[in-house]
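Engineer: This is the structure I want to talk about, given as structure tokens.
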Amino acid sequence: MSKWTHDTFFRGRISVKQPPDGYRFSVDAVILGNLARIKPGNRILDLGTGCGVLPLILCYRNPELSQVFGVEIQPELAEIAAVNTRENRMGDRITILERDVKSMAPADTGGPVDAVVCNPPHFAPNSGRINPDSQKAVARHEIRITLPDLTAAAGRMLGAGGRMIVIYPSERLVDLLDAMRRAHIEPKELRMIHPGPSTQARRVLVHAALEKNPGVKVSPPLYIRRDANSYTDELEAMFAP
206 MSKWTHDTFF RGRISVKQPP DGYRFSVDAV ILGNLARIKP GNRILDLGTG
256 CGVLPLILCY RNPELSQVFG VEIQPELAEI AAVNTRENRM GDRITILERD
306 VKSMAPADTG GPVDAVVCNP PHFAPNSGRI NPDSQKAVAR HEIRITLPDL
356 TAAAGRMLGA GGRMIVIYPS ERLVDLLDAM RRAHIEPKEL RMIHPGPSTQ
406 ARRVLVHAAL EKNPGVKVSP PLYIRRDANS YTDELEAMFA P
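Numbering (the working numbering), first residue to last: 206 to 446.
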């Protein structure tokens with residue numbers, strides 16, 4: 206195992222070990238972990254958990270969550286995620302599974318889950334330059350799994366009326382919505398995410414639900430920064446303890 210870096214957030218209440226040069230989480234995970242609408246007692250599945258930061262945020266922000274399962278196909282990242290879970294004393298609520306999402310079934314999580322969260326690879330396999338670092342390549346490009354694979358897995362794992370919550374590049378929004386509908390997951394709410402007030406959206410947050418009627422709401426946009434040196438108040442609150 207390579208050496209890890211050690212990062213903290215929520216003013217030191219959560220600590221995360223990460224590879225220094227491979228996959229590292231971004232602000233996308235913080236946004237998704239704060240804005241995913243989770244109900245007390247829910248069982249959650251994170252598809253492609255990386256170093257396990259999203260389950261940590263979800264459990265920290267939602268102390269009444271029942272269980273979060275983080276699935277990761279890359280062995281070193283799955284090991285780091287398990288270490289992060291133990292060191293943050295959340296092993297009673299977070300379970301890390303080293304699995305291929307494409308082969309998952311509800312039996313892997315002791316039955317269907319209430320919600321699936323996901324920050325998928327951003328790029329199609331034939332799009333752009335593949336990073337020479339294998340961890341980064343798998344995290345960024347659809348090398349080991351495609352977007353339809355992810356939505357199909359969510360459709361299998363969700364219970365009746367279960368929800369899928371995804372943060373994704375806005376330029377691929379149509380691809381995401383199409384993949385969701387093919388898996389009988391109906392988009393219900395969109396929120397565009399902009400780097401700043403005068404910039405185009407770069408990300409979109411989508412809340413969707415299994416086997417629900419059509420009809421989507423577009424929420425007010427989220428701005429990450431007010432200027433080059435500071436986050437907006439809404440982003441600052443996401444990092445607050």
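Don't be surprised by glycine CBs; every beta carbon is placed ideally from N, CA and C.
(1) Find the nearest neighbour of V421 within the set A413, L427 and I278, judged by alpha-carbon distance.
(2) Find out if the Cβ-Cβ distance for the pair L363, P425 is shorter than 8 Å.
(3) Do I301 and L261 have their beta-carbon atoms positioned less than 8 Å apart in this structure?
(4) Drop a sphere of 10 angstroms on the beta-carbon of E277, count the other beta-carbons inside from all chains shown, and report buried for 16 or more, exposed for fewer.
(5) Using only CA atoms, which one of D383, I285, G238 and K244 lies nearest to T210?
(6) What residue range does the alpha helix (DSSP H) around L270 cover?
(7) State the start and end residues of the unbroken alpha helix (DSSP H) segment that holds A359.
(8) Who are T213's beta bridge partners in DSSP?
(9) To which residues does DSSP link I243 through a beta bridge?
(10) Between the Cα of P392 and those of P400, G360 and P402, spot the shortest distance and give me the residue it belongs to.
(11) Can you give the beta carbon distance from L352 to L382, rounded, assuming they're within the 8 Å contact cut?
(12) Using C-beta distances below 6 Å, list every residue in its chain close to D226, excluding the 5 sequence neighbours before and after it, in chain order.
(13) For D319, which residues in the same chain have their Cβ closer than 6 Å to its Cβ, ignoring the five residues on either side in sequence?
(14) Starting from the Cα of D185, find the closest Cα among E281, V321, Q272 and D305 and give me that residue.
(15) Looking at V379 and R396, is the spacing between their C-beta atoms short of 8 Å?
(16) Assign F230 to one of two classes, buried (16 or more other C-beta atoms within 10 Å of its C-beta) or exposed (fewer than that).
(17) Taking DSSP as the reference, what is the three-state secondary structure of T290?
(18) Please state the DSSP three-state secondary structure of S231.
(19) Output yes or no for whether 8 Å exceeds the beta carbon distance between K307 and D233.
(20) Using a Cβ-Cβ cutoff of less than 6 Å, which residues in the same chain neighbour M443 once the five nearest sequence positions on both sides are dropped?
(21) What is the DSSP secondary structure of R204, reduced to helix, strand or coil?
(22) What number of angstroms, rounded off, separates the C-alpha of T213 from the C-alpha of P268?
(23) With a threshold of 8 Å on Cβ separation, who are the neighbours of G253 within its own chain once the five nearest residues in sequence on each side are excluded?
(24) Ignore the nearest five residues each way along the sequence and tell me which others in N293's own chain have a CB closer than 7 Å to its CB.
(25) By how many angstroms is the C-alpha of R216 removed from the C-alpha of T437?
Structural biologist: Quick look at the numbers:
(1) On the sequence shown, position 216 is the one that residue 421 refers to. When each option's Cα is compared against that of V421, the closest is A413.
(2) Here the question's residue 363 lines up with position 158 in the sequence shown. Here the question's residue 425 lines up with position 220 in the sequence shown. No, the pair does not count as a contact, with Cβ atoms beyond the cut-off.
(3) Translated into positions along the sequence shown, residue 261 becomes position 56. Translated into positions along the sequence shown, residue 301 becomes position 96. Cβ atoms of L261 and I301: not closer than 8 Å.
(4) Taking the sequence shown and counting its residues from 1, the one referred to as residue 277 is at position 72. It counts as buried.
(5) Numbered from 1 along the sequence shown, position 5 holds the residue referred to as residue 210. Residue I285 is the option with its Cα nearest to T210.
(6) Taking the sequence shown and counting its residues from 1, one reaches residue 270 at position 65. Run containing L270: none; DSSP gives neither H nor E here.
(7) Your numbering for residue 359 matches position 154 in the sequence shown. Here the alpha helix (DSSP H) through A359 covers L352 to M362.
(8) Numbered from 1 along the sequence shown, position 8 holds the residue referred to as residue 213. DSSP lists S220 as partners of T213.
(9) Looking up residue 243 in the sequence shown gives position 38. DSSP lists no partner for I243.
(10) Here residue 392 refers to the residue found at position 187 when the sequence shown is read from its first residue. Checking every option, the nearest Cα to that of P392 belongs to G360.
(11) Here the question's residue 352 lines up with position 147 in the sequence shown. Here the question's residue 382 lines up with position 177 in the sequence shown. Not quite, the Cβ-Cβ distance comes to about 10 Å (not below 8 Å), so this is no contact.
(12) In the sequence shown, counting from the first residue as 1, residue 226 sits at position 21. Nothing meets the Cβ criterion.
(13) To locate residue 319, count along the sequence shown from 1; it is residue 114. Excluding positions up to five away in sequence, the list reads N247, R248 and G367.
(14) A query on residue 185 cannot be resolved here, the shown segment of the chain reaching from 206 to 446 and no further.
(15) Within the sequence shown, the letter at position 191 stands for residue 396. Within the sequence shown, the letter at position 174 stands for residue 379. In this structure, V379 does not lie closer than 8 Å to R396 by Cβ.
(16) Your numbering for residue 230 matches position 25 in the sequence shown. Buried is the call here.
(17) Here the question's residue 290 lines up with position 85 in the sequence shown. If DSSP states are grouped into helix, strand and coil, T290 belongs with the helices.
(18) Residue mapping note: residue 231 aligns to position 26 of the sequence shown, counting from 1. Coil.
(19) What you label residue 307 is simply residue 102 of the sequence shown in a count that begins at 1. What you label residue 233 is simply residue 28 of the sequence shown in a count that begins at 1. No, they are not a contact pair.
(20) In the sequence shown, residue 443 corresponds to position 238, counting from 1. Counting only Cβ-Cβ distances below 6 Å, and skipping sequence neighbours, we find V235 and N239.
(21) The chain is shown only over 206 to 446; residue 204 falls outside these bounds and no answer can be derived.
(22) As a position in the sequence shown, residue 213 is number 8, starting the count at 1. As a position in the sequence shown, residue 268 is number 63, starting the count at 1. For T213 and P268, the distance between alpha carbons rounds to 19 Å.
(23) Position 48 of the sequence shown holds residue 253. Excluding residues within five positions, the ones whose Cβ falls inside 8 Å are V276, E277, I278, V306, C323, N324, P325, P326, A344, I350 and L355.
(24) Position 88 of the sequence shown, counted from the first residue, corresponds to residue 293. Contacts found: I219, S220 and L261.
(25) Numbered from 1 along the sequence shown, position 232 holds the residue referred to as residue 437. Numbered from 1 along the sequence shown, position 11 holds the residue referred to as residue 216. Each residue's alpha carbon lies about 18 Å from the other.
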